[in-house]
Amino acid sequence: MSLPLAVDMAVSALKASLDSVEDEDSQEYRQTEFLIEQLQLLTKNKFGRSYSPRLTVTAFLVHATSSAAYDTLLKSCVLCLPSVNTLKQVTKRLEPKSSGLDNTGYLKLRISQLNEQQRTVVLIIDEIYVAKRVEYSGGDVQGLTADGSVASTLLCFMIKSLTCKYKDVVAIYPMCKLTAEKQHDCFKQTMSLLSVIGIRVVAVSVDNAAVNRKFYVDYLCNGALQKHVIDTVTGQPIFLLFDPVHNVKNLYNNFQARKTFECPAMPNNLLEGCCASLSCTSESTIPLKKAYNLSQSTLDPKSIEKTSAKLALSVFCESTKDALQFYSTHEGKDWQGTADFVCLVVKLWKVLNVKTRTKGKHKRDYTMDPVRSSSYWKLEFLREFAHFLQLWQDSKKPGLTRETFVAIRHTCLSLADCASYLVDKLGFAYVLLGHLQSDAIESRFGWLRQLSGANYFISMTQVLDSDKKIRAL
């Protein structure tokens with residue numbers, strides 16, 4: 007039996023078995039489809055092969071992750087894969103010089119299938135640190151800012167839909183020393199771009215850095231921090247947020263530095279106030295722990311570890327709260343105040359970190375349900391927590407720094423008003439507050455570093471090339 011005839015028989019048998027698979031996204035269907043295509047390509051001349059979109063995307067993903075690994079696959083001749091030059095044709099469609107497409111065309115293509123609510127987004131602003139070097143690549147000099155300085159950071163603007171998985175980096179600006187004025191200029195350019203393509207921005211999220219606070223106060227709010235500003239183009243409110251994830255990390259860092267907090271009373275949560283302490287270390291040498299999330303790094307973190315949200319949430323978690331309550335009740339430890347404070351922060355985080363509609367049902371926890379109306383108890387809780395922070399700050403008792411007080415209080419109030427606006431004015435059936443976080447841009451930064459060899463200080467050229475690969479995918 008000749009090889010072509012054997013291949014045709016094998017393809018026919020596999021196609022017949024493929025018809026019995028109902029789910030086209032299942033692992034069995036995709037693997038069988040891959041085998042069928044490989045067998046069909048086997049009998050064709052290398053220069054006459056036509057590759058399916060799914061195989062082309064898979065090959066491009068492998069090449070984007072590791073070009074050396076892809077070259078090894080090509081040289082082994084085990085699989086029939088597109089050549090590197092064929093894969094480069096994918097990214098050439100994103101090159102303005104070759105195709106005439108600019109960022110506007112790419113974004114319009116991305117949002118063409120989104121409805122009006124899915125085009126309602128939060129604009130996330132953050133910086134990624136890059137190596138300070140100038141490189142010549144593709145006929146251009148990269149690594150310089152607009153004024154000719156060597157860039158040390160890239161100011162990135164990302165949009166994330168509030169109702170679907172859509173997210174995209176819409177603008178990248180090289181910076182040597184970021185100022186509020188420069189950030190405002192970049193913000194205006196980005197907002198003009200989003201207005202042209204039909205994206206509705208309802209919130210802006212930044213971390214609690216000094217430049218971001220100045221950007222909010224001096225350039226968006228005319229000297230006094232406000233919960234929202236009015237878009238001059240659409241006349242709609244844009245709510246100003248300090249990222250909730252950064253706020254929780256700052257709260258933990260304040261707690262770790264101060265060691266002791268003296269909190270006032272809060273209705274329905276801290277009826278008599280509390281005194282919280284971070285010196286509860288009796289389990290540090292016990293093999294079997296009740297507060298199993300706590301570690302030595304939690305109580306004495308290194309400088310780089312203070313930026314870890316995982317470290318902060320190891321303190322503010324259910325197991326830590328339960329362990330503190332157990333030792334207070336059964337062993338006479340004076341830790342009930344710490345347990346009450348941890349319980350309050352855990353409740354706040356559960357309210358803020360809802361990213362799926364069914365999370366509350368899966369966890370059997372009503373605090374993880376989405377916001378469904380402007381009078382929902384979660385929004386009242388956020389406003390009560392903001393009032394609690396104001397009383398705490400005014401009392402001058404040991405607590406957070408002034409900047410952290412302002413950031414968390416402002417975010418609670420802005421999130422409550424933003425959720426009410428989305429439900430009452432824009433007709434949202436529910437609001438997931440977890441979609442108003444900066445996780446999306448932090449995840450993108452991690453992806454960019456992985457595509458550049460898993461290095462932290464990647465260059466501007468590597469960032470732009472990796473971003474081009476992500477867009478092609």
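For the working numbering, count along the sequence shown from 1 and bump the result up by 6.
Even glycine gets a Cβ: it sits at the ideal position worked out from N, Cα and C.
1. Report yes if the C-beta distance between MET181 and THR159 is below 8 Å; otherwise report no.
2. Taking just the CA atoms, how far does PHE322 sit from LEU442?
3. Taking SER283 as the reference, which of THR238, ARG206, TRP341 and LEU93 has the closest Cα?
4. How is the beta strand (DSSP E) around TYR179 delimited, first residue to last?
5. Nearest-angstrom Cα distance between PRO102 and SER32?
6. Hey, is the stretch 270 to 277 in contact with the stretch 446 to 465, meaning 3+ C-beta pairs nearer than 8 Å?
7. According to DSSP, is MET197 part of a helix, a strand, or is it coil?
8. Starting from the N-terminal side, write out each stretch of the beta strand (DSSP E) that is 3 residues or longer and does not extend beyond the stretch 264 to 306.
9. By DSSP's criteria, CYS162 is part of a beta bridge. Which residues make up the other side?
10. Examine the Cβ distances between the stretch 416 to 423 and the stretch 237 to 255 and report whether three or more of them are shorter than 8 Å.
11. Would you report the Cα separation of HIS95 and SER155, rounded to the nearest angstrom?
12. Short check: CB of HIS69 to CB of LEU85, under 8 Å?
13. What is the DSSP secondary structure of LEU79, reduced to helix, strand or coil?
14. Give me the Cα-Cα distance between GLY106 and LYS21, rounded to the nearest whole angstrom.
15. Between the beta-carbon of ARG125 and the beta-carbon of ARG219, is there less than 8 Å?
16. Where HIS416 and VAL254 are concerned, what is the direct C-alpha to C-alpha distance, given to the nearest angstrom?
17. Below 6 Å CB to CB, which residues in the same chain sit around TYR57 once its five sequence neighbours on both sides are set aside?
18. Excluding the 5 residues flanking VAL235 on each side, which residues of the same chain have their C-beta closer than 6 Å to its C-beta?
19. Can you tell me whether DSSP reads LEU479 as helix, strand or coil?
20. Alpha carbon to alpha carbon, what distance is there between LYS114 and SER104?
21. LEU479 and LEU358 look like a contact to me (Cβ under 8 Å); what is the Cβ gap, rounded to whole Å?
22. Assign LEU115 to one of three DSSP states: helix, strand, or coil.
23. Between the stretch 139 to 150 and the stretch 187 to 203, do at least 3 Cβ pairs fall closer than 8 Å?
24. Go ahead and pull the three-state DSSP assignment for VAL207.
25. Do you know whose CA, among SER309, GLN468, VAL208 and ARG55, lies nearest THR238's CA?
26. Once DSSP output is grouped into helix, strand and coil, what is the label at ASP14?
27. Could you tell me if TYR142 is buried or exposed, where buried requires 16 or more neighbouring beta carbons within 10 angstroms of its beta carbon?
28. Shortest alpha-carbon distance to THR481 belongs to which of LYS50, TYR135, TYR76 and ASN51?
29. Mind checking CYS280: buried by the 16 CB within 10 Å criterion, or exposed?
30. If we count Cβ pairs, one from each stretch, closer than 8 Å, do we get three or more for the stretch 118 to 135 versus the stretch 160 to 175?
31. Which same chain residues end up closer than 8 Å to TRP398 when comparing Cβ atoms and leaving out the 5 residues on each side of it in sequence?
32. Can you tell me whether DSSP reads PHE221 as helix, strand or coil?
33. Where do the N-terminal and C-terminal ends of the beta strand (DSSP E) with LEU247 fall, by residue?
34. Quick one: what does DSSP say VAL84 is sitting in, helix, strand or coil?
35. Can you tell me where the beta strand (DSSP E) with ILE414 in it begins and where it stops?
36. Could you check the C-alpha separation between LEU41 and HIS190 for me, to the nearest Å?
In brief:
1. As a position in the sequence shown, residue 181 is number 175, starting the count at 1. As a position in the sequence shown, residue 159 is number 153, starting the count at 1. Yes, these two residues count as a Cβ contact at 8 Å.
2. Taking the first residue of the sequence shown as position 1, residue 442 is located at position 436. Taking the first residue of the sequence shown as position 1, residue 322 is located at position 316. When rounded, the distance between both Cα atoms is 20 Å.
3. Position 277 of the sequence shown, counting from 1, holds the residue named residue 283. With distances taken between Cα atoms, SER283 lies closest to TRP341.
4. Locating residue 179 in the sequence shown gives position 173, counting from the first residue. Run containing TYR179: 173 to 181, per the beta strand (DSSP E) assignment.
5. One-based indexing of the sequence shown puts residue 102 at position 96. One-based indexing of the sequence shown puts residue 32 at position 26. At PRO102 the pLDDT is 46, less than 50, meaning the model places this residue with poor confidence; the figure from the coordinates comes in the next sentence. Cα to Cα, the separation comes out at about 37 Å.
6. no
7. Taking the sequence shown and counting its residues from 1, the one referred to as residue 197 is at position 191. Residue state, collapsed to three classes: helix.
8. 266 to 269 and 280 to 283
9. The sequence position of residue 162 within the sequence shown is 156, counting from 1. DSSP, once it has assigned bridges, lists ASP132 and ILE178 as partnering CYS162.
10. yes
11. Locating residue 95 in the sequence shown gives position 89, where the first residue counts as 1. Locating residue 155 in the sequence shown gives position 149, where the first residue counts as 1. It is Gln, not His, that sits at residue 95 in the sequence shown. Distance between the alpha carbons of GLN95 and SER155 is about 33 Å.
12. As a working note, residue 69 is residue 63 in the sequence shown. As a working note, residue 85 is residue 79 in the sequence shown. Taking 8 Å as the Cβ cut-off, HIS69 and LEU85 do not qualify as a contacting pair.
13. Taking the first residue of the sequence shown as position 1, residue 79 is located at position 73. Reduced to three states, the DSSP call for LEU79 is helix.
14. Taking the sequence shown and counting its residues from 1, the one referred to as residue 106 is at position 100. Taking the sequence shown and counting its residues from 1, the one referred to as residue 21 is at position 15. Because the pLDDT of GLY106 is 35, which lies under 50, any placement of that residue in the model is unreliable, and the number read from its coordinates should be weighed accordingly. The alpha-carbon atoms of GLY106 and LYS21 are separated by roughly 41 Å.
15. Start at 1 with the first residue of the sequence shown, and residue 125 comes out as number 119. Start at 1 with the first residue of the sequence shown, and residue 219 comes out as number 213. The answer is no: Cβ separation not under 8 Å.
16. Position 410 of the sequence shown, counted from the start, is the residue given in the question as residue 416. Position 248 of the sequence shown, counted from the start, is the residue given in the question as residue 254. The alpha-carbon separation between HIS416 and VAL254 amounts to approximately 14 Å.
17. As a first step, residue 57 is located in the sequence shown; it is residue number 51 there, counting from the start. Closer than 6 Å at Cβ, skipping near neighbours: PRO88.
18. By 1-based counting over the sequence shown, the position of residue 235 is 229. Spatial neighbours of VAL235 in its own chain (CB-CB distance under 6 Å, excluding positions within 5 residues in sequence) are listed in chain order as LEU226 and ILE244.
19. By 1-based counting over the sequence shown, the position of residue 479 is 473. Assigned with DSSP and collapsed to three states, LEU479 falls in coil, not helix or strand.
20. The count along the sequence shown starts at 1 and reaches residue 104 at position 98. The count along the sequence shown starts at 1 and reaches residue 114 at position 108. Residue placement at SER104 is flagged as unreliable, the pLDDT there being 34, under the threshold of 50; the coordinate-derived value follows with that caveat. Cα to Cα, SER104 sits roughly 18 Å from LYS114.
21. If you number the sequence shown from 1, residue 479 lands on position 473. If you number the sequence shown from 1, residue 358 lands on position 352. That pair is no contact at about 31 Å.
22. Position 109 of the sequence shown, counted from the first residue, corresponds to residue 115. It is helical.
23. no
24. Taking the first residue of the sequence shown as position 1, residue 207 is located at position 201. VAL207: strand per DSSP, three-state reduction.
25. Residue 238 sits at position 232 when you count from the first residue of the sequence shown. With distances taken between Cα atoms, THR238 lies closest to VAL208.
26. One-based indexing of the sequence shown puts residue 14 at position 8. Looking at ASP14 - three-state DSSP - the assignment turns out to be helix.
27. Counting from one through the sequence shown, the residue named residue 142 turns up at place 136. An exposed status is given to TYR142, since fewer than 16 other beta-carbon atoms sit within 10 Å of its beta-carbon.
28. Nothing about residue 481 can be read from this structure; the chain reaches only from 7 to 479.
29. Residue mapping note: residue 280 aligns to position 274 of the sequence shown, counting from 1. Classification of CYS280: buried, given that the 10 Å Cβ count is 16 or more.
30. yes
31. As a working mapping, residue 398 is identified with position 392 in the sequence shown. Answer for TRP398: CYS269, PRO270, GLY405, LEU406 and PHE411, listed in chain order.
32. As a first step, residue 221 is located in the sequence shown; it is residue number 215 there, counting from the start. Three-state result, PHE221: helix.
33. Taking the sequence shown and counting its residues from 1, the one referred to as residue 247 is at position 241. That run of the beta strand (DSSP E) goes 243 to 248.
34. By one-based count along the sequence shown, residue 84 stands at place 78. Looking at VAL84 - three-state DSSP - the assignment turns out to be coil, as it is neither helix nor strand.
35. Reading the sequence shown from its first residue, position 408 is the one you call residue 414. No beta strand (DSSP E) contains ILE414, which is instead part of the alpha helix (DSSP H) from 408 to 430.
36. Translated into positions along the sequence shown, residue 41 becomes position 35. Translated into positions along the sequence shown, residue 190 becomes position 184. About 53 Å.
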